[in-house]
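Data block below; observations after.
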Amino acid sequence: MVETSKHLVRIQLTKIHLIHSFTMRNKIILLKQKNTFVPMRKRFLGLFSVSFLLILIALFSWQCREDDFTGEVIGVCPEVTLTDPTDGSINIVTNKRISAIFNEAMNPTTININTFFVKKGVDLVQGSVLYTGLKATFIPTDLLEANTVYSATITRGATDPMGNVMKNDTTWFFNTGDIPAVVLTDPLKGASDVALNKIITADFSTVMDGTTFTNATFKLKQGTANINGFISYAGSRASFDPTIDLVPNKVYTATITRDVKDLLGNAMAKDTTWSFATGTLPIITIISPQDGAVDVVRNTNVTATFSKLMNGATIDQTSFTLKQGNTSILGLVTYSEMTAQFNPIIDLLPGLEYTAKITQGVKDLAGNTIEKDSTWKFTTGNLIVPVLPFVTLTDPVDAAPNVPLNKVITATFSKAMDLSTINSSTFLVKKAGVPVLGFVDYSGLSGTFTPASPLLPGATYNCSITTGAKDVDGNAMANDTLWSFTTVPPIVQYNLNLSVLPLNSGTVTGAGLYNTGASVTVSANAFAGFEFVNWTEGGISVSTLDTYTFVLNADRTLIANFSAIISGPPGVDLGSAGNFAILAGSGVSNTGVTTTITGDVGSFPTATMNGLLSGNVNGLLYTVADPIVGTAKTNLTTAYNDAQSRSLDAISLPGQLGGLTLAPGLYVNSSTSGISGTGANGILTLNAGGNPNAVWIFKMGSTLITDAGTSIVLAGGAKAKNIYWSVGTSATLGTNSIFFGNILADQSISLTTGARLTGRALTRGAVTLDTNVVTKP
């Protein structure tokens, strides 16, 4: 049925009414399903016809599209438009209600715990669901857990009144924050002897909302009776200040309920409750003189003894007074071992009444005061009774152990003493009955004994102040004062020995004699060309740190081990051939009586020594074919073959070496090389660059020849023992030439007149000498 007078089209979906075409421009079409308006509006600007009715029928076949919220729509799908908390929220309070708002009214019967639920991980959170207006709310049964990720989901089971479902489930996540907690209370749980004027406090783990602290959330009870008080909050501390003082010897219980919250609204997980007990009030148990006493001696001290330990700082001239009438008496107030004492500066006057008073200003260690001021009176007589001096304190105290050996022994008196009576006759220190020599002095109220020499370790000393010591009025002590002490045990010392390996590879510091238990630090420093490896003791590594700290409780011997930093190729192992300055295979010939050889000389198998006498050799001269020489000769052959086989990282060796400066390395020439020229051109410089372990190997296929007057200069820490000349045939050193290194020649070595060799002449053939100096490095 169509009614056009009110521009309203009513369509019965179960039946289609055919109508004539008519024109409806700028009209609003409202549709109802039976008696319920369909939630959609659309302004129709064209021609309304039967075909339009067919479109409407299609729309009401329970199809919908997503709402773009930009105008009037037809067939809206329900959607969640807002959540609380929003997706990704953090620090959410643990008592949070989770809610979602829809874009249209929903069917309330479809909004329930099956279509709206909250999870922690895979676990469902127990709760209930409410729906009102456009808003669905999930109310957890219990508080949410702190620091936990939760997910909330509304499923497609939630529909609008037309039965339209959401296009997809809606899920969002949020993270709860910390739960506040009480971290400290004052008094502590179970505390006793709490002061009666105590303010009860609680410190929280985080800053709280001060407005949540009231007499309903912070309570104090004694039994079942509530205690009135004032509640305050500052920083992270809540305070309960009782209106009146607490009652002695009672148990009180403080409670802070879980209704208090932090600034984010988080409540505590549970109520916090703790109990404590108050103490007793201090009372005065003994006074002297007694109240009402007469004929009191004029030099009396006024004392009061308490029922418990007091705070000595509260007992002074303001809380303990003495008066004669309205006149205050000057005096010294002291406190010791529960007794307060008022000592008048001058003797009291005879025949007068005096009033002593202790006020509520005195407090016990818990801060409790006496119940009320205490006052008592006494009357003096004419007598002045001498007050005998006595020792009030010794240092060391009686039976003190571990007294330092340089200790000055002190005795403090109860009153000023006559200086002349405090001397070596009245102040004695003995060890095993033998007097200790020392110096006695007196100042203030103290006498001192300074031993002439340090006390002995582990010894017991006996001290005494005799009755010969008198006060300034001539009163002697009633009895000798005796005490003793024991000195520190003897100090055991241990020796720490340090060495380096190999020798001259570095230095060490820290060796010496140390007391037992001393913390010792040793250091190792490598020389140039070496690096530190480790510290060893008995062949076992104890540290790889060059600076090593340990506690010394026994004698120890440590070795700092270093390793050479090789520059150039690895050296050639000469074996036992290295023991020889000259080693040959077919004999040694010498011309010139001044030839000097430092090192052993031998030849094998031909042991001929022509012109070479023992006087020419500073070492062993083998004149027969000794097996030792034979072994060295075998080692020489091995070393020669090793040198000749080297090729790794080889550098081309020029035939003329004069005028050159060469760095460490392997140098190779397939034929002949040598040094020729004069002046600078006749000098070969070998520069180690500061590394004393630098190695040179010179390998040549044929001869090595140096001209007369030529020389080798070692620079940068270079050493002759690390230079190797591997010669394919023979080596000849020119007249008056200077040469460094180990010559390993296959056939022969000749040193012409005056040639000087710092190194070794090692050959499988013959060695010829002529007034030479050969020094094994």
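Note that the sequence shown covers residues 1 to 777 in my numbering. Glycine included, each C-beta is placed from N, C-alpha and C at the ideal position. Owing to the predicted nature of the structure, the values given are computational and were not obtained by experimental measurement.
Burial state of residue i (16 or more Cβ within 10 Å)
i: residue 393; result: exposed
i: residue 731; result: buried
i: residue 582; result: buried
i: residue 739; result: buried
i: residue 604; result: buried
i: residue 278; result: buried
i: residue 322; result: buried
i: residue 500; result: buried
i: residue 50; result: Only weak support is given to the placement of residue 50: the predicted model assigns it a pLDDT of 41, under 50, and the value that follows is read from those uncertain coordinates. By the neighbour-count rule (16 or more Cβ atoms within 10 Å), residue 50 is not buried but exposed.
i: residue 181; result: exposed
i: residue 216; result: exposed
i: residue 561; result: buried
i: residue 722; result: buried
i: residue 386; result: exposed
i: residue 433; result: exposed
i: residue 469; result: buried
i: residue 472; result: exposed
i: residue 479; result: exposed
i: residue 118; result: buried
i: residue 444; result: exposed
i: residue 704; result: buried
i: residue 187; result: buried
i: residue 270; result: exposed
i: residue 105; result: exposed
i: residue 314; result: buried
i: residue 522; result: buried
i: residue 176; result: buried
Local conformation of residue i per DSSP, three classes
i: residue 856; result: Nothing can be reported for residue 856: it is not among the residues displayed for the chain, which extend from 1 to 777.
i: residue 10; result: Because the pLDDT of residue 10 is 41, which lies under 50, any placement of that residue in the model is unreliable, and the question is left without a value.
i: residue 678; result: coil
i: residue 699; result: strand
i: residue 38; result: With a pLDDT of 47 at residue 38, under the threshold of 50, the modelled position of this residue cannot be trusted; read the value that follows with caution. Note: residue 38 maps to coil in three-state DSSP.
i: residue 546; result: coil
i: residue 622; result: coil
i: residue 290; result: coil
i: residue 151; result: strand
i: residue 772; result: coil
i: residue 642; result: helix
i: residue 710; result: coil
i: residue 200; result: strand
i: residue 394; result: strand
i: residue 631; result: helix
i: residue 518; result: strand
i: residue 530; result: strand
i: residue 86; result: coil
i: residue 636; result: helix
i: residue 523; result: strand
i: residue 146; result: coil
i: residue 313; result: helix
Counterpart residues of residue i in DSSP-defined beta bridges
i: residue 127; result: 140
i: residue 656; result: 674
i: residue 120; result: 123
i: residue 720; result: According to DSSP, residue 720 bridges with nothing at all.
i: residue 104; result: According to DSSP, residue 104 bridges with nothing at all.
i: residue 213; result: None, per the DSSP bridge assignment.
i: residue 686; result: 662, 714
i: residue 409; result: 449
i: residue 253; result: 221, 275
To test your reading of the DSSP string, which unbroken beta strand (DSSP E) runs of 3 or more residues are found completely within the segment 420 to 498? The segment 420 to 498 contains, as complete beta strand (DSSP E) runs of 3+ residues, the segments 427 to 431, 438 to 443, 446 to 451, 460 to 465, 481 to 487 (chain order).
Count the CB pairs spanning the segment 337 to 345 and the segment 303 to 322 that are closer than 8 Å, and state whether there are at least three. They touch, by the three-pair rule.
Only counting runs of 3 or more residues, tell me where the beta strand (DSSP E) segments fall wholly within the segment 343 to 392, in order along the chain. Runs of the beta strand (DSSP E) inside the segment 343 to 392: 353 to 358, 374 to 380.
Determine contact between the segment 592 to 600 and the segment 573 to 581, defined as no fewer than three beta-carbon pairs at a distance below 8 Å. In short, these stretches touch, since the Cβ pair count reaches three.
contact_flag[the segment 166 to 173, the segment 183 to 195] where n(CB pairs < 8 Å) is 3 or more: By the Cβ rule, the segment 166 to 173 does not count as touching the segment 183 to 195, because fewer than three pairs are nearer than 8 Å.
Would you list, in sequence order, the uninterrupted beta strand (DSSP E) runs of no fewer than 3 residues that lie entirely inside the segment 717 to 758? Considered as a whole, the segment 717 to 758 harbours 723 to 727, 730 to 733, 738 to 745, 748 to 751 as its complete beta strand (DSSP E) runs of no fewer than 3 residues, in chain order.
Enumerate, from N- to C-terminal direction, the unbroken beta strand (DSSP E) stretches of 3 or more residues contained entirely within the segment 582 to 626. Note on the segment 582 to 626: whole beta strand (DSSP E) runs with a minimum of 3 residues are 596 to 598, 600 to 610, in chain order.
Taking one C-beta from the segment 83 to 99 and one from the segment 129 to 148 each time, how about it: are there three or more such pairs within less than 8 Å? Short answer: they touch.
Three CB pairs or more closer than 8 Å across the segment 691 to 705 and the segment 563 to 572: Yes, the segment 691 to 705 touches the segment 563 to 572.
Contact between the segment 363 to 371 and the segment 323 to 334: three or more CB pairs below 8 Å? Short answer: they don't touch.
Looking at C-beta atoms only, is the number of pairs between the segment 456 to 465 and the segment 367 to 380 that lie closer than 8 Å three or more? Taking 8 Å as the limit for Cβ pairs, the verdict is that the segment 367 to 380 does not touch the segment 456 to 465.
Examine the Cβ distances between the segment 223 to 238 and the segment 196 to 205 and report whether three or more of them are shorter than 8 Å. Yes, they touch.
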